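J.:
Protein chains: 2
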Amino acid sequence: MMSQMAHHAMLLIVVVGVLSITTSGTPVASARRHPLDPLSAAEITAVRTAVLASRLVPARPLRFHYVGLDEPDKPDVLAYAYGYGAGGSSSRALAPRRAFVIARAGGQSHEFRVDVTNASSPSVLSHAVHRGTGFPTITLEEQFAAQALAPAYPPFADSMRSRGLRLDDVICSVLPVGWFGGAGAGARRVAKMQCFVAGATANYYARPIEGVTLVVDLDRMAVVGFRDRVAYPVPKAEGTEYRAGKAGPPLAGPAPAPGVVVQPEGRGFHIDGHVVRWANWEFHVGFDVRAGMVISLASVHDEDAGLRRRVLYRGFVSEIFVPYMDPAEEWYYRTFLDAGEFDLGLWAYPLQPGADCLANAAYLDGYSADQDGNPVKVRNVMCVFERYAGDVAWRHTESGFPSQLITEVRPDVSLVVRMVVSAGNYDYILDWEFKTSGSINFVVSLTGILEMKATSYTHADEITADAHGTLVSENTLAIYHDHYVTYHLDLDIDGTNNSFVKNIITTRRNTGNPATGGADTPRRSYWTLRREVAETEADGQVDVNAGPPADLLFVNPGKKTRMGNEVGYRLIPAGATAGSVLADDDYPQRRASYSKKQVWVTPYNKSEKWASGLYADQSTGDDSLAAWSKRNRGIRGEDIVLWYTLGLHHIPYQEDFPMMPTLSGGFELRPSNFFERNPILRTRSPSPSRGGHSPNCSRNV
Amino acid sequence: MMSQMAHHAMLLIVVVGVLSITTSGTPVASARRHPLDPLSAAEITAVRTAVLASRLVPARPLRFHYVGLDEPDKPDVLAYAYGYGAGGSSSRALAPRRAFVIARAGGQSHEFRVDVTNASSPSVLSHAVHRGTGFPTITLEEQFAAQALAPAYPPFADSMRSRGLRLDDVICSVLPVGWFGGAGAGARRVAKMQCFVAGATANYYARPIEGVTLVVDLDRMAVVGFRDRVAYPVPKAEGTEYRAGKAGPPLAGPAPAPGVVVQPEGRGFHIDGHVVRWANWEFHVGFDVRAGMVISLASVHDEDAGLRRRVLYRGFVSEIFVPYMDPAEEWYYRTFLDAGEFDLGLWAYPLQPGADCLANAAYLDGYSADQDGNPVKVRNVMCVFERYAGDVAWRHTESGFPSQLITEVRPDVSLVVRMVVSAGNYDYILDWEFKTSGSINFVVSLTGILEMKATSYTHADEITADAHGTLVSENTLAIYHDHYVTYHLDLDIDGTNNSFVKNIITTRRNTGNPATGGADTPRRSYWTLRREVAETEADGQVDVNAGPPADLLFVNPGKKTRMGNEVGYRLIPAGATAGSVLADDDYPQRRASYSKKQVWVTPYNKSEKWASGLYADQSTGDDSLAAWSKRNRGIRGEDIVLWYTLGLHHIPYQEDFPMMPTLSGGFELRPSNFFERNPILRTRSPSPSRGGHSPNCSRNV
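Here the protein sequences line up with chains A and B, keeping their order. Residue numbering for the first sequence follows the numbering used here, starting at 3 and increasing by one per position. Residue numbering for the second sequence follows the numbering used here, starting at 3 and increasing by one per position.
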C-alpha cells in the first residue's frame, strides 16, 4: 500500500440519520437488526453524540480513528442465529447494540464502548486508555492535513524549485514509518511523506521525486523532519496513463465479443438485510472499516440430512502485509500493514457495475465514520453475483455398457461475493466464491499500479549493482516486494468445537509379508496416511511448502458420518503460497512474524482479530498472532480459528507497467467427510428450458 | 484410469471418405490442409489401404494401434506458418502429408510411415519392427474381445456362480499389468481383468467383485491366468447411481438461477479449418488419438509493436500417470499410464452442449482409426468458447486527486479450449484458457468415479490395519492414489531458441554499508534475485516444492525489450504441485520417474513426445523423459521443451462418492518482459453498448 493525500471522503455521500441498506435497483429496508449487522448511519451518529458528550475524555480535539460494531459474544449470536444455547428461551431476544470506538485526544489513544441499542439515547459503557505500543490507523483527514503541510514547508518548496518542479504539480503520499527498534510505547506518532509529480498523468506513482523525505508528527500535525538526500531524474509522464482515451488510441485489432449473462428467471439469490440466501448456502455479509467485507454465520443446507449445518462463524481479511525489498533510506521502512495502518474498508470504493462485477450483480453499501465521527456511506462497496463460467460441477461419460453411451454433466454455477480494496497504488480484488458442492473458494486478484523508484538508469545494461527492482521504463525501477493477505477464519465445522488434523502422506516400503502390513506382491512402495491431531498452537503452525505433503483438515471430533469418519472440511492451497524470507530479527518480520507460515490455528478469543495487533501503526509485534500463539494453548476439540496467509513474492515485469494485469492466487475450503456423499448428486440436469439457452435472447448461442 | 469392455466405437459414426471439420451449427469446410491438420477420414482410409496392400508385413491379422499425422519437420512447419526459413521461396508450398502407424501383426509391433499427399494413391514410405520393451496402446476392440472371454472361461463362471452372481450382470475391466521386473523386451503382451456387478446400477465401479483376477494374452486373445484369491461382499447398488432420475428425486431446495451468456454481436472468435483466431491470439487446434487435443503455433499479436509474436510451437498432454497405493494382489499393479496404455483421444467423447461447455461454444470433431484401420469420427470432441466469468483484466481506483475519484476497470473475457477425457472411471476436463494479457492458463479438473475395493468393513471403527483407502460407503473402500498430468509444451518464446532461467529469491543481510551493497538504514534484511541460467538438462529439473522460491522463466536470449530485459514468459504453478513419493526403485516409479519433479526442460527432439515412452504398455522406463534427460544435453539458447507435471495426492472423502465434485489445479504461462508494457492497457472501457448489458434480454440484469 502506498497511501496518498486522499480526498475521497469529499466524494462520498455523507448521510445523517438514514437507516437502510440497499441492493442495486431493488432497495431492501429491514428494521430488524441482526446482531452482526454493521453500525448504521444513525448508530454511528449516536456513537459520536455519546462520545463527545462524555466527560471521561475532556481533551479536544477528539478524533475518531475507528467506529465499528462491538461484536456481541459468540454464544449470544449463535443463540440468535440457530436458536440454541442459553436454554433457548431468549434465543431471538433483541441483543443490545454496542459500538467499539478508538479515538485520539490529548496525545492518547482512547477506547470506548458505547451502547446504541436505542440510538436516540446512546451511552458510553466503558472507557480505557491504550498504554501499550502502536497507534490506531491513520485517518483520511490526517492524510489531507499532512499533505497540505508540504508545500508550505520552505525547505521542501526550495527542493522542488531546485528540481524545476511546480508545487502545484506535486502530490505527496503519507507512509507509515514502520518500526525499527527504540521507543515502542513512548514513540511519537509520526508518518513519512514521499512526493510525486502529478501534473501530466493520473499515474503519479510512476513519477516519484526520489530522495526527498518529510517526517510529520500526526498528533501535532507539523513537519518534524526533512531530508533532501539525493536527486534523480523524474521519470517521464509519457506512457504512464491508463485512463481510457488518455492511454493512446484503443486497440485496433480484433477483440473479444461483448457478452452478458442473462438470467431469464431472475437472480437465484435473495438478500434480506445483510443475510444472503442462495442455493444451499446462507450467510451474513457485514462491513467493517478495518476489514472491509466480513462474512459470518455461513451455513450449508444438507439436503440428504434435511439439516442446515454450520461451516464458519466469522471470516475476513485480517491483515495485508506488504514489505518492500530496498534497504535505501527512502524505501527501507515501506513494510505496510494495510489493514492495521490504513483500514481496508476505508479504501474500498464503489464498484463499477458491469465491469467490477457481472451485470447481474447486486450491490451492498458500507458505512464508516469520518474523523469527526460523522457517518460516511460508500455506495456499492460490495457485490454479489452468480457466476456462469463454463465450469462443470461434476460429470461422467460411461462407455462400458453395450450400445449405450451414458453422459451426465452438471454445469457449475457459483455465487461470488466481492470487495475491491484500492490500497493507494495497489488494487486487491477479494472474492469469496460459494459452491453448491459445499466448497468456498477464496481468491485474491492483484492489479493496480506498482511502487516505483526513480533512477538514472535508462537501460538494463547500465545496472551494475543490485537495483532492488526491475527497470520497467526509462528512469523507473519497480521495486521487489511481497504481498501477504491473512485471513481470519473462525471455522465452526458442524458445531463450535473442532480439531485441526493433518493427514500426512507417508511412504511405506512393502514388506512383502501380510503379517507386517505388507502384501506378497512385487510392488515395493506405496503411501498411506499418518494422522496427526494438533494438540496445541505449536502443532497448528504449518509451512505448506515444507515437510511431507498432507491434507489439512478441520474436523468436528464429536460428529461422525454414518461410515464413522470424522466430519470435516479441508484447506487446499491453490497457488500463492509464498512465505516471508526476511531475517527473523528484522523489524518488519518481528511485527508480522506469522508471515513465515501459511497456517496458524488458535483457540477462539474474541479479542484476537488483527494478526498484526489492534494498534498496528508503529507496532513492535508484541500484540500479534505469533505473540498470542506463543502461549501454546490447547486447540484440540476447542473453538478454533484458522489463520491462512496467501503470499506472493512479486518480482515486477514490464507488463506490470503502467498498470498491472490481474495476478491471482487462492485457496479452497472443501467439505471432506462433511457430507455422507456428493451433496449435489441430485442436482437437476440442464435442459433447454433450464439454463441451456434462452430463445428470446439468443444470437449465435 | 480403469478401462472396461468399452463398446463405444459402436456408438460413434464410422465415416468413410468424408473430408470436413465442422463447427457446431456452422459447418466450415476447408480444402486447404494446414501441415499440422490431423489426418482426415479420407487420409485414414488411404493409410489403411496402403498398409494392407504393402507386402512388407505379410502376417495377418494386422491390427492398427495408432494412426496419426507424421508431423512434418519443425522448420518446414514454421516456414509454412510464418513464411520464413528455407529462403522463403517454398514457404507456402504444399507440404507432403504423411501418416505414422503402429500396428501389431505376427506378434510384433510394426511402424509404418505412409505418404497420403495424394489420398487416392497412398504409399508406404518406410517400415520398421519395434525391438525394444513395451507395447502399443490396447485397442477398444481388444478390450471387447478380452471381456467376452471371461464368461466363457469355466473357472471364472464357477467363481461367479459360487458368489451367487449372474454372469449377465458381470462386466469386466481390462487393466494393463504394468511392469514389475523381468522379461522386458521378451515379455508376453498381457492384460489383467477385474470384474464388477453392473445389473442394478450404471456405476459398476462401486460394485467390485474383489479377489478375482483374470490374465489375458492380448495377441492370442486367450485367458492365460486366473485366480480366485478371496471373497468379499459385493457392495450394495443402493446409493451408487448418478443418472438423473435414478439417483433419487432432484434436490428440492432453492437452486442457482438458470443463466445464459448472450453475445449480441455474435462470437468473437473465428475458426478456419483448424486455426482459431480470437482477439490477439491465433493458434491451431489439432486432435491426436493418443494426446487428444493438440495446440500448435500459438502466437500473440503485439499491438504496440504491430507484430505477431510466437509463444508455443506445440503443446499437449503427454501422459497421465495414476498409481494406486494398495500393495494387495488385485491392486499393486494399478499404476496407469492413461495416454500410453489407453490413448487419451480414444476416451474423449462428444461434449454435451450447454453443459460441458457454455451455450455459446463452437465444437470441433476428431478422427481416429479403429483396429481395422477404418476412420472413426468423434463429433464435438473439443469445444471453444468465450468466458465471461466476472473476472477483471485490470483495474484501479485512484483517490489521490482532489475532487475526483478515478476508476478504470477492464472486465476480463478469455477464450477456453476444452477436451474431456473419460478414462474409464475418471473424467479429466482439460482446459487451455487464452487471455488477452498474453497469459495461457492450463486447468485440469478431476471428476467422475473413484476406483473402489470391496471390503468386509461397514464402519470405520472396524478398521484396525491399514486399509489403503477411505471407507466411503458400506463395504466400499476408495483407494488412495495419485494423478500426474504431464504437459509437453514446446515453447518458442518470440523465436525458436530459448533459455530456462531461474530468478531465485535470495535473502540478503543489510550490511549497513553502501560500499558493500548495503544501506545506512536500520533495515536488517531484504531479498533480491540470484539469476541462474540452466545450462544442461540436469539444471532444467525443478521440484517446485523444494529449495528456495523462484520465478521460472523461459526467455529468448536473442531478444530484449527496449529497457534491455530479456523477452520471456514465466511458469506459475497454481495448486496441484504434488510430486510422487514412491520409492525410486519401485517399478512404477522407474517407468514414470519424471513424476518426482514438476519441471523438466529438454532440447527439442521430434521423437521425444511421450513422457513414458512410445511403447508405454509394460514399459520399463528405458524410453522415457527421465531416460532421455540422463544424456544431460545442453539447453541454453536451444530449441527447448518444457514438461510440466501437475500432481495431486488423492485421499478420497465421502463427498467423492458415488461421483466426485470437480477438483481443479492448474498453472499459468504469463508474459514476463515479453511485452514492453501491459499489452491490454488500451482495451476499450465497457459501455452500455459494449458488453455492459443487453437491453432486449435483460431481466434483473
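The C-beta atom is built at its ideal place from N, Cα and C for all residues, glycine as well. No experiment lies behind these values; they were computed from the predicted model shown.
Using the C-alpha atoms, what's the distance from B/ASP658 back to B/ASN477?
T.: Using only the alpha carbons, I get a separation of about 16 Å.
J.: What is the DSSP secondary structure of A/ILE465, counted as helix, strand or coil?
T.: Correct three-state label for A/ILE465: coil.
J.: Based on Cα-Cα distance, which residue from B/ARG191, B/LEU644, B/LEU151 lies nearest to B/ILE140?
T.: Closest option to B/ILE140, Cα to Cα, is B/ARG191.
J.: May I ask you to list the residues that DSSP assigns as paired with A/ILE273?
T.: DSSP output for A/ILE273 lists A/VAL278 as bridge partner(s).
J.: Run through DSSP, which three-state label would B/VAL214 get?
T.: Strand at B/VAL214.
J.: If you run the structure through DSSP and keep just helix, strand and coil, what is B/TRP630?
T.: Correct three-state label for B/TRP630: helix.
J.: A/ASN499 and A/ASP374: beta carbons closer than 7 Å?
T.: Not a contact, by the Cβ cut-off of 7 Å.
J.: For chain E, check one thing: does any of its Cβ atoms lie closer than 7 Å to the Cβ of B/MET223?
T.: No chain E appears in this structure, whose protein chains are A and B.
J.: Would you mind sorting B/GLN406 into buried or exposed? The rule is 16 or more other CB atoms within 10 Å of its CB.
T.: Exposed is the call here.
J.: Which residue comes first and which comes last in the beta strand (DSSP E) that contains A/ARG420?
T.: Here the beta strand (DSSP E) through A/ARG420 covers 416-425.
J.: Under a three-way DSSP split, which group does B/ASP367 fall into?
T.: DSSP places B/ASP367 in strand when its eight states are reduced to three.
J.: Under 7 Å between beta-carbons, which chain A residues line up against B/TRP396? List them in chain order, please.
T.: Ordered by position in chain A, the residues that pass the 7 Å Cβ test against B/TRP396 are THR449, MET661, MET662, PRO663, THR664.
J.: Since A/HIS461 meets chain B, which of its residues come closer than 7 Å, beta carbon to beta carbon?
T.: The contacting residues are MET565, GLY566.
J.: Could you check what DSSP says for A/LYS248 in three-state terms: helix, strand or coil?
T.: Coil at A/LYS248, not helix or strand.
J.: Taking only beta-carbon atoms, is A/LEU473 less than 7 Å away from chain B?
T.: A/LEU473 counts as touching chain B.
J.: In terms of alpha-carbon separation, which member of A/PRO550, A/MET195, A/TYR315 lies closest to A/THR530?
T.: If we check each option's Cα against that of A/THR530, A/PRO550 comes out closest.
J.: Is the shortest distance between the beta-carbon of B/LEU683 and the beta-carbons of chain A less than 7 Å?
T.: B/LEU683 counts as touching chain A.
J.: Taking any Cβ of chain B, which residues in the region 238-258 of chain A have a Cβ under 8 Å from it, in chain order?
T.: Of all residues in the region 238-258 of chain A, GLY241, TYR244, ARG245, ALA246, ALA249, GLY250, PRO251, PRO252, LEU253, ALA254, GLY255, PRO256, ALA257, PRO258 have a Cβ within less than 8 Å of some Cβ in chain B.
J.: Is the CB of A/MET327 under 7 Å away from at least one CB in chain B?
T.: Answer yes: the Cβ-Cβ gap between A/MET327 and chain B drops below 7 Å somewhere.
J.: Using the DSSP secondary-structure output, state which residues sit across from B/PHE643 in a beta bridge.
T.: Contrary to the premise, residue 643 of chain B reads as Val rather than Phe in this sequence. DSSP lists B/THR604 as partners of B/VAL643.
J.: A/PHE556 lies in the beta strand (DSSP E); which residues open and close that run?
T.: Start and end: 552-562.
J.: Is A/SER674 close to chain B? Criterion is C-beta to C-beta, closer than 7 Å.
T.: Answer yes: the Cβ-Cβ gap between A/SER674 and chain B drops below 7 Å somewhere.
J.: Would you call the CB atoms of A/PRO575 and A/VAL546 closer than 7 Å?
T.: The answer is yes: Cβ separation under 7 Å.
J.: Listing by chain order, which chain B residues have their CB less than 9 Å from the CB of A/CYS197?
T.: The contacting residues do not exist; A/CYS197 stays about 12 Å from chain B at best.
J.: DSSP three-state label for B/MET223, please.
T.: Here B/MET223 sits in coil by DSSP.
J.: For a contact meaning CB atoms closer than 7 Å, what does B/GLN656 contact in chain A?
T.: Chain A residues near B/GLN656: THR563, MET565, ASN567, ASN675, PHE677, GLU678, ARG679.
J.: Contact criterion: CB-CB distance below 7 Å. Does A/TYR369 meet it with respect to chain B?
T.: By this cut-off, A/TYR369 is not an interface position.
J.: What separation, rounded to the nearest whole angstrom, lies between the Cα atoms of B/ASP340 and B/SER447?
T.: Rounded to the nearest angstrom, the two C-alpha atoms are 16 Å apart.
J.: Against chain B, which members of the region 174-192 of chain A pass a CB distance test of less than 7 Å?
T.: Residues PHE182, GLY183.
J.: For a cutoff of 7 Å on Cβ pairs, would you count A/ILE653 as touching chain B?
T.: Taking Cβ atoms only, chain B reaches closer than 7 Å to A/ILE653, which makes this a yes.
J.: By Cβ distance below 8 Å, which residues in the same chain neighbour A/TYR351 in space, the five residues on each side in sequence not counted?
T.: Closer than 8 Å at Cβ, skipping near neighbours: HIS10, VAL380, VAL383, VAL422, SER424.
J.: Could you pull out every residue in the same chain whose Cβ sits closer than 7 Å to the Cβ of A/GLY581, ignoring the five residues on either side in sequence?
T.: Counting only Cβ-Cβ distances below 7 Å, and skipping sequence neighbours, we find ASP545, ASN547, SER597, LYS598, LYS599, GLN600, GLY649.
J.: Could you tell me which of A/ARG292, A/VAL386, A/ALA395 sits nearest to A/PHE344, measuring between CA atoms?
T.: For A/PHE344, the nearest C-alpha among the options comes from A/ARG292.
J.: By the three-class DSSP mapping on this structure, what secondary structure does B/SER32 have?
T.: Summary for B/SER32: the model assigns pLDDT 43, below 50, so the residue's position carries little reliability, and this model does not support an answer.
J.: Use the C-beta contact count for B/MET195: other C-beta atoms within 10 angstroms, 16 or more gives buried, fewer gives exposed.
T.: By the 10 Å Cβ count, B/MET195 comes out buried.
J.: As a quick exercise: from A/ILE173, A/GLY636, A/SER527, A/SER595, pick the residue whose alpha carbon is nearest that of A/PHE323.
T.: The residue with the shortest Cα to Cα distance from A/PHE323 is A/SER595.
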